[in-house]
Amino acid sequence: MLRRDIFRAGLAGAAGLFGLNRANAATAEGRLKVAYHLSDTDKVNFVLGNIKNHYEGTGGNVDIVLVVHGPALAAFKSKGASGAVSSRFAGLVQQGLVPQACGNTLHGMDITLTDLLAGFELAEKGGVVKLAELQHQGYVYLRP
9 MLRRDIFRAG
19 LAGAAGLFGL
29 NRANAATAEG
39 RLKVAYHLSD
49 TDKVNFVLGN
59 IKNHYEGTGG
69 NVDIVLVVHG
79 PALAAFKSKG
89 ASGAVSSRFA
99 GLVQQGLVPQ
109 ACGNTLHGMD
119 ITLTDLLAGF
129 ELAEKGGVVK
139 LAELQHQGYV
149 YLRP
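Numbering of the sequence shown is given in this note's numbering, commencing with residue 9 and proceeding in unit increments.
Below you can see the structure in the form of structure tokens.
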């Protein structure tokens with residue numbers, strides 16, 4: 009039993025070092041690069057609040073991409089979005105937020121980028137593919 013605990017502790021330590029190295033790589037240019045993943049409708053306001061806090065906490069010295077797919081994308085439809093989501097989202101886009109809409113979800117919901125709030129870009133290959141590409145580019149992945 010003790011050997012197993014020692015092995016787990018070693019794995020946890022190695023994972024921690026790997027995480028620190030990834031975080032350091034993301035800040036090598038002086039700006040943190042973060043990819044937020046949003047697919048749950050009930051987390052839209054929470055995630056937008058986290059992004060706002062992220063900009064404030066870093067003094068704006070952060071590049072943030074928000075990848076939205078699945079049911080959460082409906083919350084960003086310009087005709088159905090709440091006033092709170094619309095204004096919060098617009099403010100974040102002005103701060104530099106790069107929102108990406110999953111092409112597969114758009115197709116599945118039979119909507120286009122023009123149906124969404126202003127600022128969205130197309131993640132043509134899909135939201136999950138975009139997230140993997142961003143991580144490969146050194147973005148830190150967050151799924152609140």
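Even glycine gets a Cβ: it sits at the ideal position worked out from N, Cα and C.
All values reported here derive from a predicted model rather than from experimental measurement.
Nearest to residue i (by Cα), restricted to the options the options
i	options	result
residue 48	112, 40, 96 and 75	75
residue 51	65, 39 and 77	77
residue 79	38, 67 and 116	116
residue 95	125, 66, 118 and 44	125
residue 123	86, 143 and 63	86
residue 46	39, 59 and 38	59
residue 66	145, 44 and 38	38
Whether residue i touches residue j by CB criterion (8 Å)
i	j	result
residue 113	residue 139	no
residue 131	residue 109	yes
residue 121	residue 93	no
residue 107	residue 129	yes
Rounded Cβ spacing between residue i and residue j (contact assumed at less than 8 Å)
i	j	result
residue 152	residue 84	Residue 152 to residue 84, Cβ: 16 Å. No contact.
residue 134	residue 111	6 Å
residue 41	residue 149	Not confirmed; about 10 Å, so no contact.
Can you confirm whether the segment 100 to 110 touches the segment 66 to 74 when touching is taken to mean that 3 or more C-beta pairs between the two stretches lie within less than 8 Å?
yes
Could I get the ranges of all uninterrupted beta strand (DSSP E) runs contained in the segment 55 to 125, with 3 residues as the minimum, in chain order?
70 to 76 and 106 to 110
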